[in-house]
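This note's numbering puts the sequence shown at residues 10 to 257.
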Amino acid sequence: MNTIDINRFEVLTFDCYGTLIDWETGIWDALQPLLMNNGAGHVDRRAGLGAFADIENALEEETPDMPYPELLRITHRGIAERFGLRTTDALDRAFGESTGHWPAFGDTADALRLLKRHYRLVILSNVDRDGFAASNRKLGVGFDAIYTAEDIGSYKPDPRNFEYMLTRLSEDLGIGKEGILHTAQSLHHDHRQARAFGLANSWIDRQHLRDSDNWGATARVETRPAYDFYFNTMGQMAEHVERRSQPE
């Protein structure tokens, strides 16, 4: 049983895509023009997202300073090649510019507004500033700090991203590790490094991975990191915080 008081933290640091924004639905929707143009009924959602995970993750490691829209453009071309599909520059470019169209999870905005009563809210995201700005319009709150891969010059799970975040939170907001609860879906991008840096962590298991083996658009993690809190949705986490905040 968890003995940590979730209300003792000062700030929640969030992964955005997969946690707040439904990037898997957004990615799958953005792949539909390619699949439709090729009559590619043999490529189902699980296969398409799995290919995305493989290709995007490799590109983030190989080209850490590549702008995210360009990285998505090349990922789209790679997916087409993997399945033997014909693509075009226009289709690749449209996929690269699709981030702002990815939907928020239905519970996200209400949950964030509730959580903002109790914590400062901070983003640590693997996208560019413009992409996050477009997504932020769906999230319903202003964040106290936003750190993107474009700012840092690398993509999570590179430790530089967490080093940058921790340095900035200390210097700009006066918050140390003990005041931070890292809140994310991805075991690969977020939770392994959160644990390595000694951060408390809250797993938002949108994919129900604790009880399955469907990794979706996220790279597989063979040894799963520990976590301090577990929720399936942001709504569940917000409700838990509210309950714990009530006087007994």
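Backbone N, C-alpha and C define an ideal beta-carbon position, used for all residues, glycine too.
Limits of the unbroken beta strand (DSSP E) element including residue i
i: N170; result: Premise fails: N170 lies in the alpha helix (DSSP H), 168–182, not in any beta strand (DSSP E).
i: L124; result: Run containing L124: none in the beta strand (DSSP E); it sits in the alpha helix (DSSP H), 117–124.
i: Y239; result: 238–240
i: A113; result: Per DSSP, A113 belongs to no beta strand (DSSP E) and is neither H nor E.
Alpha helix (DSSP H) segment containing residue i, residue limits
i: S144; result: 138–145
i: F104; result: 98–105
i: A4; result: Residue 4 cannot be examined here, being either before or after the span of the chain that is shown, 10 to 257.
Reduced DSSP secondary structure (H/G/I, E/B, other) of residue i
i: R219; result: helix
i: N16; result: helix
i: R129; result: strand
i: S254; result: helix
i: T232; result: coil
i: L190; result: strand
i: T157; result: strand
i: L148; result: coil
i: L208; result: coil
i: K165; result: coil
i: M10; result: Interpretation of M10 is limited by its pLDDT of 42, a score under 50 that renders its predicted location unreliable; the figure taken from the coordinates is listed afterwards. In this structure, M10 counts as coil in the three-state DSSP scheme.
Of the listed residues the options, nearest to residue i (C-alpha basis)
i: G57; options: W224, Q245, V250, G185; result: W224
i: L68; options: A205, G149, Y164; result: Y164
i: D73; options: P168, S179, W111, M246; result: Inspection of the sequence shows that residue 73 is occupied by Pro rather than by Asp. Per the Cα distances, P168.
i: E79; options: F92, P112, A203, A103; result: A103
i: D24; options: M246, F238, I213; result: I213
i: G93; options: Q216, L44, A143, R122; result: L44
i: R9; options: G115, A39, A120; result: The structure shown does not extend to residue 9, since the chain is modelled only from 10 to 257, so the question has no answer here.
i: R177; options: N16, I155, K125, A99; result: I155
i: R126; options: E71, D199, E19; result: E19
i: Q41; options: T96, R233, L121, E65; result: T96
i: R86; options: M243, M75, D101; result: D101
i: A60; options: A158, Y236, P234, I36; result: I36
i: H198; options: A62, S254, A247; result: A62
i: E70; options: Q245, A158, Y236, G188; result: A158
i: R204; options: A235, D14, M174; result: A235
i: A77; options: R122, D160, A120; result: For the record, residue 77 in the displayed sequence is Tyr; it is not Ala. It is D160 whose Cα lies nearest to the Cα of Y77.
i: F171; options: A142, G151, N47, G207; result: G207
i: A142; options: R201, G115, Y26, E65; result: Y26
i: G48; options: T192, H249, A89; result: A89
i: P166; options: G140, Q194, R252; result: Q194
i: E106; options: G115, N46, T84, A228; result: T84
i: M174; options: G151, L196, Q202; result: Q202
i: T119; options: Q245, R252, S254; result: It is worth fixing the name first, because residue 119 is Asp in this sequence and not Thr. Comparing Cα-Cα distances from D119 to each of Q245, R252, S254, the minimum goes to Q245.
heavy atom of the ligand SAH below 7 Å from residue i C-beta
i: T96; result: The model on display carries no ligand, and the ligand SAH is accordingly not part of it.
Inset, instruction - Report yes or no: do the region 137–147 and the region 19–35 share at least 3 C-beta pairs separated by less than 8 Å? - result: yes
Legend entry - At least three beta-carbon pairs within less than 8 Å, the region 212–223 to the region 170–183: no
Inset, instruction - Write down every uninterrupted run of the beta strand (DSSP E) in the region 23–93 whose length is 3 residues or greater and which is fully enclosed by it, in chain order. - result: none
Inset, instruction - Kindly confirm or deny that the region 47–57 and the region 136–143 touch, where touching means at least three C-beta pairs closer than 8 Å. - result: no
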